[in-house]
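Heads up, the working numbering is the position in the sequence shown plus 76, with the first residue counted as 1. From the three backbone atoms N, C-alpha and C, an ideal C-beta is built for every residue, glycine too.
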Amino acid sequence: MKAIKFISTTSLLIGAALSLTACGQNNKNAAKPANKFPEQTPQKIAKQGGTLTYAIETDTPFKGIFDSQLSVDQVDSDVMQFGNEALFDTDNQYKITNKGPATFKLDKKAKTVTITVKKGVKWSDGKQVVAKDLEYPYEMTANKATNSLRYSDSLANIGGMKAYHNGKAKTISGITYPDGENGRTIVIHFLAMKPGMLQSGNDYFIETAAPYHHLKDVPFSKLVSSDQIRKDPLFFGPYKVSKVVRGQSVTWVPNKYYWRGKPKLNKIVAQVVSTKSASQAIKSHKFDIADVVNSDWQAVKNAKNAKNTNFIAKIPLAYSYLGFKVGKWENGKNVMDKNSKMNNKSLRQAIAYAMNINQVEKRYTQGLTFRVPTLIPAQFSDYFDKNAKGFPYNLKKANQLLDKAGYKKKGKWRAQPNGKPLSIHLAAMTGSAVQEPIIQNYIQQWHKIGLHVSLTGGRLIEFNSFYDKLDHDDKNVDMFMAAWSLSSEPSPRGMYSETNPMNDSRFVTKENNKLLDEIDSTKAFNHKYRVAAFHKWQQYMNDEVYIVPMTNSYAIQAVNNKIVNYSLKPAAANSVWYKVGFSK
77 MKAIKFISTT SLLIGAALSL TACGQNNKNA AKPANKFPEQ TPQKIAKQGG TLTYAIETDT
137 PFKGIFDSQL SVDQVDSDVM QFGNEALFDT DNQYKITNKG PATFKLDKKA KTVTITVKKG
197 VKWSDGKQVV AKDLEYPYEM TANKATNSLR YSDSLANIGG MKAYHNGKAK TISGITYPDG
257 ENGRTIVIHF LAMKPGMLQS GNDYFIETAA PYHHLKDVPF SKLVSSDQIR KDPLFFGPYK
317 VSKVVRGQSV TWVPNKYYWR GKPKLNKIVA QVVSTKSASQ AIKSHKFDIA DVVNSDWQAV
377 KNAKNAKNTN FIAKIPLAYS YLGFKVGKWE NGKNVMDKNS KMNNKSLRQA IAYAMNINQV
437 EKRYTQGLTF RVPTLIPAQF SDYFDKNAKG FPYNLKKANQ LLDKAGYKKK GKWRAQPNGK
497 PLSIHLAAMT GSAVQEPIIQ NYIQQWHKIG LHVSLTGGRL IEFNSFYDKL DHDDKNVDMF
557 MAAWSLSSEP SPRGMYSETN PMNDSRFVTK ENNKLLDEID STKAFNHKYR VAAFHKWQQY
617 MNDEVYIVPM TNSYAIQAVN NKIVNYSLKP AAANSVWYKV GFSK
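What follows is the structure in structure tokens.
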């Protein structure tokens with residue numbers, strides 16, 4: 077369960093905070109549940125032509141890293157969605173089908189996956205996508221010079237991948253070309269087969285291609301900053317980049333070589349708008365598609381011109397969480413620090429029980445945000461442990477845990493069991509106007525149990541700087557509030573393994589390694605076994621509380637009622653922009 081194509085470093089915590097209204101506002105006109113909203117606009121014939129404007133809601137300029145293996149945040153993913161088509165279509169349960177740009181064949185006995193790109197699938201410069209384009213993302217990810225955060229022990233399950241990653245081989249021996257590099261097929265040879273391999277979003281093979289002919293002359297160390305990635309990227313999806321205003325907007329025009337046919341729109345403009353301005357922009361119809369800031373849902377819904385807008389919604393595969401820094405990234409893996417002030421289970425449990433998440437939701441939310449009890453979302457059906465309780469608010473229990481663990485008060489604040497002062501720095505991101513009051517609420521809750529918690533740097537941190545601090549183990553971060561926008565294969569290995577750099581808490585234990593291995597073992601091809609393994613992992617994580625699951629949030633989009641064929645259904649995701657257009 078890696079961060080969705082790709083991290084959602086766009087924090088769901090911000091989304092959760094955005095779903096909160098001013099303190100004390102009554103909630104008589106609560107939003108109808110998201111399952112009462114449609115998941116798509118009318119599906120009918122669209123006319124040819126027109127310009128669609130799409131809101132990119134962020135309070136900081138987007139990075140503009142237009143490659144799926146080099147980018148790790150949702151904002152860039154949103155910006156490049158119009159051209160960045162994946163290799164595979166899926167059904168509504170995210171199972172890979174052969175209806176997309178490439179076909180897929182798994183041979184359990186031979187321990188291989190064969191991927192063949194279809195003839196006529198071409199880059200936006202007219203070049204056929206070839207086998208080398210399917211293989212090159214693995215080099216980009218595994219070569220240490222790119223500093224990609226995508227490399228993990230899941231990819232190391234490919235034959236020869238470790239040797240390449242460690243600089244002991246110039247090629248990846250486990251990826252072969254039956255018809256040569258200019259053919260259309262690669263065969264991936266695995267050390268072991270994994271039950272998640274039939275699902276899109278697994279970490280064991282890459283579901284995108286990279287234009288080798290366009291990138292081959294760029295050193296790996298310079299790829300992420302190159303014009304080929306930042307200014308002139310190539311995609312094989314329905315639209316191609318026409319103009320980039322760095323960090324602010326990207327204009328897309330039809331890819332005349334697109335394999336499915338001619339897309340409907342003449343132009344798409346993806347434009348940044350701040351979360352504070354988003355709702356007014358929706359009400360003034362500045363954008364054809366925009367996310368509704370949940371705290372402004374009533375105002376948007378009741379606006380005079382709301383009748384010209386369709387509202388569609390879903391509950392995303394995502395959650396916000398509180399993480400504790402208990403180690404560091406060292407020599408290519410996460411290493412625990414036994415001396416970390418947060419490496420005390422009773423302290424972590426107390427912090428979790430002191431969070432009044434349900435009270436915050438009841439007081440502020442319009443029915444669009446809710447507490448989650450575990451790190452596997454309910455959308456994953458029986459993999460979700462419905463018996464998990466998580467950390468319901470219990471201030472008495474929090475105090476008891478701290479007392480028993482020896483965190484005695486010295487004046488207003490508690491000291492560490494060794495008698496030294498305890499000061500905890502919390503990193504949290506900027507967001508809407510209600511973000512800071514929400515964060516301050518939790519800080520006050522921790523103050524109630526005698527914990528001296530303050531914001532890192534004394535203020536909320538903008539998006540890019542926040543993740544830079546986490547990724548580089550800033551010493552002024554003891555705990556942090558962040559979020560994952562998840563992939564569609566539920567294995568948590570891609571986020572919480574010993575060798576994954578995106579495991580920002582840096583926790584690693586023998587038991588966690590064992591449980592992750594069980595989830596992805598060959599025994600887990602048996603569904604009941606895998607369900608049981610998922611439940612054991614969730615129980616372990618809630619017991620050890622290296623991560624506190626917090627909230628998920630209904631996601632509503634406002635769509636111009638003249639837009640047709642726009643859909644949030646999983647089966648539509650890979651072809652949606654080919655179909656979207658204006659009604660006749």
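For the set Gly-243, Lys-198, Ile-623, Val-529, the Cα lying nearest the Cα of Glu-215 is the one of Gly-243. Distance from the Cα of Pro-646 is smallest, within the candidate group Ala-131, Asp-167, Asp-135, for Asp-167.
For Glu-161 against Lys-208, the beta-carbon gap comes to about 18 angstroms, at or over 8 angstroms, which does not count as contact. Contact annotation: Phe-158 and Pro-314 have beta-carbon atoms nearer than 9 angstroms.
Just so you know, the alpha carbons of Gln-204 and Val-584 end up roughly 43 angstroms apart. Judged by DSSP in its simplified three-state form, Pro-287 adopts coil rather than helix or strand. For Arg-535, the number of other beta carbons within 10 angstroms of its own is below 16, and it is reported as exposed.
Using a C-beta cut-off of 8 angstroms, the segment 284–302 makes no contact with the segment 557–572, since fewer than three inter-stretch Cβ pairs fall below that distance. Within the segment 573–638, the runs of beta strand (DSSP E) that reach at least 3 residues and sit entirely inside it are, in chain order, 623–625, 627–629, 631–636.
Annotation for Tyr-616: Glu-587, Asn-588, Leu-591 place their beta carbon closer than 8 angstroms to its own, counting only its chain and skipping 5 residues before and after. Residue environment analysis places Arg-582 among the buried positions, since at least 16 neighbouring C-beta atoms fall within 10 angstroms of its C-beta. Here Ile-121 is exposed. Its C-beta has fewer than 16 other C-beta atoms within 10 Å. Relative to Ala-346, the option among Val-326, His-361, Ala-357, Leu-393 whose CA is nearest is Val-326. Using a 10 angstroms sphere on the CB of Val-411, the tally of other CB atoms stays under 16, which defines it as exposed.
For Met-557, the secondary structure class from DSSP, reduced to helix, strand or coil, is strand. Taking 9 angstroms as the cut-off, the beta carbon of Ala-474 is found closer than this to the beta carbon of Ala-430. If you keep only unbroken alpha helix (DSSP H) runs of at least 4 residues inside the segment 196–282, you get 207–218, 237–241. DSSP places Trp-653 within a helical segment (H, G or I) once states are collapsed to three. By the CB criterion at 9 angstroms, Asn-278 and Ser-567 fall inside the cutoff. Between the segment 237–253 and the segment 293–306, the count of Cβ pairs shorter than 8 angstroms is below three; the stretches do not touch.
Note that the segment 113–130 touches the segment 627–647; at least 3 beta-carbon pairs, one per stretch, sit closer than 8 angstroms.
Membership of Trp-405 in any alpha helix (DSSP H) is not indicated; the residue belongs instead to the beta strand (DSSP E) covering 403–406.
The beta carbon of Ala-131 lies closer than 6 angstroms to those of Val-349, Phe-363, Ala-366 in the same chain, with the five residues before and after it left out. Annotation for Lys-194: no beta strand (DSSP E) segment contains it, and DSSP assigns it neither H nor E. For the options Gly-507, Lys-112, Ala-631, the alpha carbon positioned closest to that of Pro-392 is the one of Ala-631. For Val-155, the uninterrupted alpha helix (DSSP H) run begins and ends at 150–155, by DSSP. Taking the CA atoms as reference points, Ala-426 sits about 7 angstroms from Leu-478. When secondary structure is reduced to three states using DSSP, Met-412 falls in the strand class.
From the listed residues Arg-439, Pro-577, Gly-507, Lys-604, the smallest Cα separation to Val-369 is found for Gly-507. In this structure Gly-495 is exposed. Its beta-carbon is surrounded by fewer than 16 other beta-carbon atoms within 10 angstroms.
Counting only unbroken stretches of 3 or more residues, the beta strand (DSSP E) elements lying wholly within the segment 111–189 are 127–133, 178–183, in sequence order. The Cβ neighbour count for Asn-576, taken over all protein chains shown within 10 Å, is at least 16; the residue is labelled buried. Contact check for Tyr-240 against Asn-223 fails: the beta carbons are separated by 9 angstroms or more.
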